[in-house]
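> Quick one: the structure is below, questions incoming.
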Amino acid sequence: MDKATELWLKSSLADGDASIVDGLVQMVRVRDPITASHLDAVGLLARRLAVTLELEEMTINRIVTAARLHDIGKTTISLHVLEKPGSLDEAEWQQMRRHPDLGATIVAGFPQLEKYRAIIRSHHERVDGRGYPDGLLGSEIPYESRIIAVAAAFHAMTVSRPYSRVRTPAQALAELMNCSGTQFEPEYVEAFVKTMGYRSRALRSA
Ligand SMILES: [Fe+2]
Numbered sequence: 254m255d256k257a258t259e260l261w262l263k264s265s266l267a268d269g270d271a272s273i274v275d276g277l278v279q280m281v282r283v284r285d286p287i288t289a290s291h292l293d294a295v296g297l298l299a300r301r302l303a304v305t306l307e308l309e310e311m312t313i314n315r316i317v318t319a320a321r322l323h324d325i326g327k328t329t330i331s332l333h334v335l336e337k338p339g340s341l342d343e344a345e346w347q348q349m350r351r352h353p354d355l356g357a358t359i360v361a362g363f364p365q366l367e368k369y370r371a372i373i374r375s376h377h378e379r380v381d382g383r384g385y386p387d388g389l390l391g392s393e394i395p396y397e398s399r400i401i402a403v404a405a406a407f408h409a410m411t412v413s414r415p416y417s418r419v420r421t422p423a424q425a426l427a428e429l430m431n432c433s434g435t436q437f438e439p440e441y442v443e444a445f446v447k448t449m450g451y452r453s454r455a456l457r458s459a
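The structure is reproduced here in structure tokens:
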């Protein structure tokens, strides 16, 4: 992360939470730099989306901080599973699916981070109710989680990973649109497409 990005992330944090959040992200970075850079990037993308949505500054800060912590539960997953080049077997997938729940449990150890706990727990829920860990439906999912889910999926698709092919930004946005209304909140997909400087009609016909 360059200095300007680091300073910006620090300045956008909610009061008093900065050093705890920085420490937790640093813990992730030491063990698993790929997940840490995902947390940095999703923090930035979620902020841009929240600005497009014209949310209040305090809400934007809450979303950015939750985005920076959303995959903190991956520190409980073995590196063998996190770095596996192929698809996961059933036991590995079960381990992977526990990271939102365990991430929420980690932040529950910090009273100052209580406001992020439910957001972290629900970042893999889907608006059609087929997500995890709770199978929440639509507006039952915290809206901050629905915003972070869009930003996180976009970033995951646009970086090179051993187990998936890298997509161009336009391809990733088209995929978000394919999953709009099932996996993702349509309003947030549409706003994200706009945030990234594309028009949904152009992506549809691409
Ligand atoms: Fe996740």
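Just so we're aligned, residue 254 is where the sequence shown starts under the numbering used here, counting upward by one. Even for Gly, the Cβ is constructed at its ideal location relative to N, Cα and C. Quick caveat: nothing in here was measured; it's all calculated off a predicted structure.
Would the beta-carbon of T411 fall within 7 angstroms of that of A425?
Within the sequence shown, residue 411 is the residue found at index 158, counting from 1. Within the sequence shown, residue 425 is the residue found at index 172, counting from 1. Contact flag set, yes.
> Output the distance between the C-alpha atoms of R300 and R350, rounded to the nearest integer angstrom.
Residue numbering aside, residue 300 sits at position 47 when the sequence shown is read from its first letter. Residue numbering aside, residue 350 sits at position 97 when the sequence shown is read from its first letter. Straight-line spacing of the CA atoms in R300 and R350 works out to 25 angstroms.
> List the DSSP bridge partners of F437.
Here residue 437 corresponds to residue number 184 of the sequence shown, with the count starting at 1. BP columns for F437 point to S433.
> Verify the contact flag: D324, CB atom, against every heavy atom of ligand 1, threshold strictly below 6 angstroms.
In the sequence shown, residue 324 corresponds to position 71, counting from 1. Yes, since a heavy atom of ligand 1 falls inside the 6 angstroms radius drawn around the Cβ of D324.
> Please give the ranges of any beta strand (DSSP E) in the segment 262–315, keeping only runs that are unbroken, at least 3 residues long and fully inside the region.
Runs of beta strand (DSSP E) with 3 or more residues, each lying fully within the segment 262–315, are absent.
> With 16 other CB atoms within 10 Å as the buried threshold, where does H377 fall?
Here residue 377 refers to the residue found at position 124 of the sequence shown. It is buried - the Cβ of H377 has at least 16 other Cβ atoms within 10 Å.
> Can you check DSSP and say which residues form a bridge with S453?
As a working note, residue 453 is residue 200 in the sequence shown. S453 pairs with nothing; no bridge assigned.
> Can you look up S331 in the DSSP assignment and give me helix, strand or coil?
Within the sequence shown, numbered from 1, the residue matching residue 331 stands at position 78. Residue state, collapsed to three classes: coil.
> For M430, which residues of its own chain have a beta-carbon under 8 angstroms away from its beta-carbon, when the five flanking residues on both sides are left out?
Locating residue 430 in the sequence shown gives position 177, counting from the first residue. In chain order, V442, V446, S453, L456 and R457 place their CB closer than 8 angstroms to the CB of M430, counting only its own chain and leaving out the 5 sequence neighbours on each side.
> Going by CA-CA distance only, name the one from E310, E397 and G326 that's closest to L277.
Your numbering for residue 277 matches position 24 in the sequence shown. Checked all of E310, E397 and G326; the closest Cα to L277 is G326.
> Tell whether a beta-carbon distance below 7 angstroms holds between I372 and G356.
Locating residue 372 in the sequence shown gives position 119, counting from the first residue. Locating residue 356 in the sequence shown gives position 103, counting from the first residue. For I372 and G356, no; Cβs fall outside 7 angstroms.
> Relative to the C-alpha of V274, which residue among G391, G382 and G362 is closest?
Here residue 274 refers to the residue found at position 21 of the sequence shown. Put simply, of G391, G382 and G362 the residue whose alpha carbon is nearest the alpha carbon of V274 is G362.
> I need the straight-line Cα distance from L389 to R383, nearest angstrom please.
For the purposes of this step, residue 389 is taken as the residue at position 136 of the sequence shown. For the purposes of this step, residue 383 is taken as the residue at position 130 of the sequence shown. About 8 angstroms.
> Taking DSSP as the reference, what is the three-state secondary structure of R321?
Numbered from 1 along the sequence shown, position 68 holds the residue referred to as residue 321. Note: R321 maps to helix in three-state DSSP.
> Does DSSP put S413 in a helix, in a strand, or in coil?
Walking along the sequence shown from the start, residue 413 turns up at place 160. If DSSP states are grouped into helix, strand and coil, S413 belongs with coil.
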